[in-house]
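**Student:** Chains as they are written, first to last, in the working numbering: chain A, 1 to 180; chain B, 1001 to 1068.
Note that beta-carbon positions come from the ideal geometry of N, C-alpha and C, so glycine has one too.
Just so you know, these numbers come straight off a predicted model, no measurement behind them.
As structure tokens, then:
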């Protein structure tokens, strides 16, 4: 179960991205780091299953996602709850500039179904292609595309409620009237 | 490698059947993409926490002794 220098470095390089994805699943950096820890242990224990030359990052993401769904979530009682702990933990994160803006966005993100949020993050933030995301989520490419589109549309709707002021009621009205 | 697909002004045939003007939809989708990546990048920029760096070191191939 030893890691070569190359594997060590490659896994190291994948960790920041993996953490960010874990946060989007767990809603909380501490739980996310626990999830990443367990994922790394699983990956190392099964390192002989990894085919050198293939996408290591995608492999790690797959392990993390599966682990989250099968064990981690049940144990930690991660429940999809748009108004509950998940949202609260996201908005309570000590953060960054423009945290009010982020809080709104995070609230909207939390309202998406898990599948859609995950697909959106993989394609829109983690930088995977639709094909890679489909492999990670073990579904068809068309399914990923559909989830991403639904996620984007839903977020657009949710944020439009807040952002309509930017565009002015007339423009929004015009949009609704002329929209196909 | 950000293989981002260009956001198109998709109407929403699923769900509640609300139609959006393509122009309005696209601007919001760009904002969504930016916010998402911005949130995401904040974490990526933190790098690798010590706990994971030392975890990996534990599994390095030993240089001399033969331990499992």
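1) Can you list, in chain order, the residues of its chain with a C-beta nearer than 8 Å to that of residue 33 of chain A? Leave out the 5 residues immediately preceding and following it.
2) Take residue 35 of chain A and list the residues in its own chain whose beta-carbon comes closer than 8 Å to its own, dropping the five residues that flank it on each side.
3) Does the region 35-53 of chain A come into contact with the region 2-11 of chain A, if we say contact requires no fewer than three beta-carbon pairs (one atom in each stretch) closer than 8 Å?
4) Compile a chain-ordered list of the residues in the region 8-30 of chain A whose CB is closer than 8 Å to at least one CB of chain B.
5) Could you give the C-beta distance for residue 130 of chain A and residue 121 of chain A, rounded to a whole number, given that I count them as a contact under 8 Å?
6) Quick check on residue 1057 of chain B: buried or exposed, where buried means 16 or more other Cβ atoms within 10 Å of its Cβ?
7) Whole angstroms are fine: how far does the CA of residue 103 of chain A sit from the CA of residue 97 of chain A?
8) Going along chain A, which residues have a C-beta under 9 Å from residue 1060 of chain B?
9) Taking all protein chains shown into account, decide if residue 74 of chain A is buried (16 or more other Cβ within 10 angstroms of its Cβ) or exposed.
10) With a threshold of 7 Å between beta carbons, is residue 1030 of chain B in contact with chain A?
11) With distance defined between alpha-carbon atoms, name the residue in A:154, A:141, A:128 and A:142 nearest to residue 114 of chain A.
12) So which residues on chain B does residue 49 of chain A lean against when the C-beta distance must stay under 9 Å?
13) Residue 52 of chain A: which of A:6, A:147, A:138 and A:105 sits nearest, CA to CA?
14) Pull up the distance between the alpha-carbon of residue 110 of chain A and that of residue 159 of chain A, whole angstroms please.
15) Taking just the CA atoms, how far does residue 1043 of chain B sit from residue 978 of chain B?
**Tutor:** So, from the data block:
1) 19 and 22
2) 22, 25, 26, 64, 67, 68 and 72.
3) Three or more Cβ pairs drawn from the region 35-53 of chain A and the region 2-11 of chain A lie within less than 8 Å of each other, which places the two stretches in contact.
4) Using a CB distance below 8 Å, the part of the region 8-30 of chain A facing chain B consists of 8, 11, 12, 15, 16, 17, 19, 20, 23, 24 and 29, ordered along the chain.
5) In this structure residue 130 of chain A is not in contact with residue 121 of chain A, their Cβ atoms being roughly 13 Å apart against a cut-off of 8 Å.
6) exposed
7) Low confidence applies here, because residue 97 of chain A scores a pLDDT of 40, under 50, leaving its location unreliable and the question unanswered by this model.
8) 2, 3, 4, 5 and 8
9) exposed
10) no
11) A:154
12) Near residue 49 of chain A there are no residues of chain B at all, since even the closest Cβ is about 15 Å away, more than 9 Å.
13) A:6
14) 13 Å
15) Because residue 978 of chain B is not part of the residues shown, which for chain B are 1001 to 1068, the question remains open.
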